[in-house]
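Chains as they are written, first to last, in the numbering used here: chain A, 661 to 1110; chain Z, 661 to 1110; chain W, 661 to 1110. Don't be surprised by glycine CBs; every beta carbon is placed ideally from N, CA and C. Here the structure is a predicted model, which means the values were calculated and not measured. Notes follow the structure.
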């Protein structure tokens, strides 16, 4: 069924167009308004086999060809009188009151409010509720505002097909649901008209749950990248004139990403600990958490996905390392020096073990994180019950955190105890990054044992 | 709930089988026909606790054991008379008229048409509509044709669980919806009986929205691969006898894939530009686009995913390069030559910067494309509103295109200005591939500034 | 709509809280019980604008502040008498009979059973069915048991939002569906009350379809890893004192994973062959398969995904190989030896072809497996009809199997015919792994030609 809406509307050629249910004798629907939305709505309705009459205050000013030929153009009174039961209000909510004269003509009919909210934070009533106050004898239904004109014109195959609908009138809702289905959308019943506020605001949202986590992750990246520039490029350049600016593009990014991913992963499990401490401290688990903690708890999924993104990019960057020009340069010169020295390179047992271990931990950690990311897909998460969800998210989460910390510690090996690891008396960034995760992991283990 | 249909039907052992709602006293259902579909349907119905009677013209010819024991076998009249309200028509639509004698016995009952269309392009009525014409006093419901016999027998856990249903009778639809639910399927109301045409054709589809984009991508691949074979293998072999046929398996594929991915990505954004030009030229945005442009606009998602597939394969292929036997061969011989020359390899600042930059752009571009691919998953896209969808698809899309072009240009570096880059007077394939994307990107920027 | 439940409940600050539909004059709802679930339910109901009265046998013992202020606390009789039509039974099913005195007060009201099953295998009636027996004059609806207290308190944005509902009373179901929607959940109608058994067991499941395939895959891994330890580490150490223990961490894992992935992929297609043989042998396709084969057939998706996981990890591990310390060691020493020998490394045409071919087959095989994995996502699979699903799963599956076998055979090249490939007279593990897949593939081809 993925394709049933992708046929061009009103195509004049042969083909699947004749498969449209034009034979359906559906009652005439009126649209008040002649803007972009009214036009796209009319197009889709006509293509779905519905008779449409458009009502406008100044019919004569509508350019010919704006609406499809099958659409009848009338003044507002004429359009309303032709509508059997459904009237779309495709005009600005500010102009609703200009229709008060039609109150009796609209009585008993279903008025579909397709307007969006003007801003995110509405005070007072929603547009649909105000419409219901103005026309108490009509059945007001909220709907179709979440659909774009593009989706109306070409079918909803690109974005979502859902049409959110709410109304206090079961009868009205039923008719709009039926029409939405006929037009190829998936109507979703959102309950009573009080839900209109939420529906009107829906199209204005721009990933609200992501902004916080993205900002946090970005700031962490800036910090670690800046620290890396200072410690790995600027200070060596100033102190010894050592030119390593080429590291800006890839090396330093690849050094910062794992630090960011590790800290972000710890931030996923940190608020849970905080909540547990708070409950212990307040002596009851029946007190509401402060709202910042609530917000944090609700952004754990986003933080986890950003951590996965960072870890995955780090993985790909690391795998790119042998492809670099400088990598060839180093190998060749190492071989050259070995030849000059006249001996084979000696076997470095510890070095070999170190690289095998940190690579293995890294790969496995990334693998576990991928499983977590997959289960956070809505369609996969929906097949899990709460017990399974907790098992996956907590169980696999702890394993991923443990493996990531081991990856970092094996990478660091015993260098943390050598003075050379602290040029300019500053610790390497992976040591900074591993502190918070270690605290979280230690407390997670302690909490579980209790 | 992912598992409620995976219990074996009619298992004679202990276990979850006794959890089936056999106690439900549902009214007897008749199935007319004794083919594969009738049999699987009977199996599933019995397993869902429904009493089933199968009606066949020649009951005696049905091998014993074909239907489960709980099923009663009768002639057609007998079966119909036993059915309380539901009759499944599991016979070929051509034989519907042979049942005209049962017209009065079927009056008032719900007839479920489970047939598929014979071919994709139907002219005239659908099977269900013809059935409704033949039995005007019955309630005809279309449904279950999208379900395979395998899904009926073992549960729908493999493919989709949706059962598309349509009818002009609300009463009939309600009963079939209820039964479908009892059988463990997800009934989807598709509206009036005129939707039957679409439902009957649904099982015949074979990824129609993919054929065009796949063909285009494949032709592009053939072109770039063929160009590579000519320029990199055949001509050098003919001119200088240089044997590089080993490059056929991996090297040339890895050279063609990024070119294909880049051009395909440009093809995602090209039709939008075209549409904008067309609107400017015709002076109105209220003219319908030509159907080829409409089709193209509706295949952008598929083109984008194919571009991502190409880019991802290119990424993995590139990361494989150091694993090749020839890579070791080259490094060792480079070191050998260096030793012979008696000097270390000199520091190649430009070469180092070049490789750092093109690798970094490539990784980031692939990362952004992955995000785009994830949001094109239906369950993720459904959570986005139109504004968010546009933000992700356009915003991230431009970034991905820009990064891909930069990746190509950094890879090319200044070689485009050297005569050695044009052996046999033909440009390298990445130069060919970057032309269209550059045009698209330049116009995208210009369109946005206006 | 992904966000409508993430607003903190009962927040005392300004913000989106005032957008809640508090104005909705919904009838009072009673909750019997004062445990954790009752409390969370009350919180969510109040936050959704519903008037709530909680009934408890010992009201005085409830600590103040346990329930939000808007909730009225009464004894059980008082609570039931205030409830207009809905009563939540938030107490242990064992205590249902203690409410028998309220039988007449509860008559005509909707009783919502929110209990879970005590264990996976229930014999006898479900809790909801027993409740319906105890209160024959009430409308019993099963529901909300699949929702956790955490989801009730903070919104269902983490896990699933589905609320599974069933009842023999259409009226009662309708009211609960409406309330669930008002609370921000997605009610799913599961049919009659006999479905309660299944719904009560649902929260106890822990990935039942995964346990078998995971155990099989894990045992295969143990076998191949153990075989590798024996053949590659222990025997050489005992026989020649050769220390290769460093290979435990990465090398041997990377040697075992592809073997596991290959055998598991063959296990996906093996039961289908078995089923075909069985049908041929029994001479009929109308006999039910034995239950072990049925189970196996129904676990193919899980086996396929585990095979993909193994193959993907193998891919990443292999790409890590050049990053290892030992890899640098080997290259440098090869170069050193070449220099000592005084000649360039000779061109090894066969070796070059071998590596190009097995890498190419491996990358393509993994790519095809990824496509298979993507189509097994529920939201993607739902958009495919049966024909498309079979095309993808069988068609691409055979290609993936063929490519994987070619990858293995090219990797093995002609070494299988050299005696050095059999140290200690044991074949290398990839030879063991390739046997079953070859048998499966050969029979698949033969079956298709018939």
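Do you know offhand how far residue i's Cα is from residue j's?
i: residue 848 of chain A; j: residue 878 of chain Z; result: 40 Å
i: residue 769 of chain W; j: residue 724 of chain W; result: 29 Å
i: residue 682 of chain W; j: residue 704 of chain W; result: For residue 682 of chain W, the predicted structure reports a pLDDT of 32, less than 50, and the residue's modelled location is therefore unreliable. A value from the coordinates is still provided. The alpha-carbon atoms of residue 682 of chain W and residue 704 of chain W are separated by roughly 12 Å.
i: residue 1045 of chain A; j: residue 1051 of chain A; result: 10 Å
i: residue 744 of chain Z; j: residue 779 of chain Z; result: 34 Å
i: residue 851 of chain A; j: residue 1056 of chain A; result: 37 Å
i: residue 767 of chain Z; j: residue 832 of chain Z; result: 13 Å
i: residue 783 of chain Z; j: residue 897 of chain Z; result: 58 Å
i: residue 934 of chain Z; j: residue 964 of chain A; result: 40 Å
i: residue 866 of chain Z; j: residue 1014 of chain W; result: 37 Å
i: residue 796 of chain Z; j: residue 787 of chain A; result: 45 Å
i: residue 1004 of chain A; j: residue 997 of chain A; result: 10 Å
i: residue 1058 of chain Z; j: residue 1035 of chain A; result: 29 Å
i: residue 732 of chain Z; j: residue 771 of chain Z; result: 19 Å
i: residue 693 of chain A; j: residue 722 of chain A; result: 11 Å
i: residue 956 of chain A; j: residue 874 of chain A; result: 13 Å
i: residue 853 of chain W; j: residue 1043 of chain A; result: 22 Å
Hey, quick one: how far does the beta strand (DSSP E) through residue i stretch, first residue to last?
i: residue 690 of chain Z; result: 689-692
i: residue 918 of chain A; result: Careful: residue 918 of chain A lies outside any beta strand (DSSP E), inside the alpha helix (DSSP H) at 911-942.
i: residue 749 of chain Z; result: 746-749
i: residue 822 of chain W; result: 822-827
i: residue 1159 of chain W; result: Because residue 1159 of chain W is not part of the residues shown, which for chain W are 661 to 1110, the question remains open.
Taking Cβ to Cβ, would you say residue i is nearer than 8 Å to residue j?
i: residue 995 of chain W; j: residue 992 of chain Z; result: yes
i: residue 809 of chain W; j: residue 696 of chain W; result: yes
i: residue 969 of chain Z; j: residue 923 of chain Z; result: no
i: residue 727 of chain Z; j: residue 719 of chain Z; result: no
i: residue 1065 of chain Z; j: residue 1087 of chain Z; result: no
i: residue 927 of chain A; j: residue 885 of chain A; result: no
i: residue 826 of chain W; j: residue 856 of chain W; result: yes
i: residue 1060 of chain W; j: residue 917 of chain W; result: no
i: residue 790 of chain Z; j: residue 756 of chain Z; result: yes
i: residue 835 of chain A; j: residue 760 of chain A; result: no
i: residue 979 of chain W; j: residue 938 of chain Z; result: no
i: residue 781 of chain A; j: residue 805 of chain A; result: no
Any idea if residue i is buried or exposed, counting beta-carbon neighbours within 10 angstroms, 16 or more meaning buried?
i: residue 887 of chain W; result: buried
i: residue 990 of chain A; result: exposed
i: residue 903 of chain W; result: exposed
i: residue 1018 of chain A; result: buried
i: residue 607 of chain A; result: In the structure displayed, chain A extends from 661 to 1110; residue 607 of chain A sits before or after that span and is not available.
Tell me where the alpha helix (DSSP H) around residue i begins and ends.
i: residue 1021 of chain Z; result: 1009-1035
i: residue 980 of chain W; result: 960-980
i: residue 868 of chain Z; result: 868-889
i: residue 836 of chain W; result: 830-842
Just confirm the distance between the C-beta atoms of residue i and residue j, as a whole number of angstroms; I'd bet it's less than 8 Å.
i: residue 691 of chain A; j: residue 702 of chain A; result: 6 Å
i: residue 972 of chain W; j: residue 1026 of chain W; result: 7 Å
i: residue 774 of chain Z; j: residue 750 of chain Z; result: 6 Å
i: residue 959 of chain W; j: residue 872 of chain W; result: 6 Å
i: residue 1020 of chain W; j: residue 910 of chain Z; result: 5 Å
i: residue 1094 of chain A; j: residue 1069 of chain A; result: 7 Å
i: residue 824 of chain Z; j: residue 862 of chain Z; result: 7 Å
i: residue 807 of chain W; j: residue 845 of chain W; result: 7 Å
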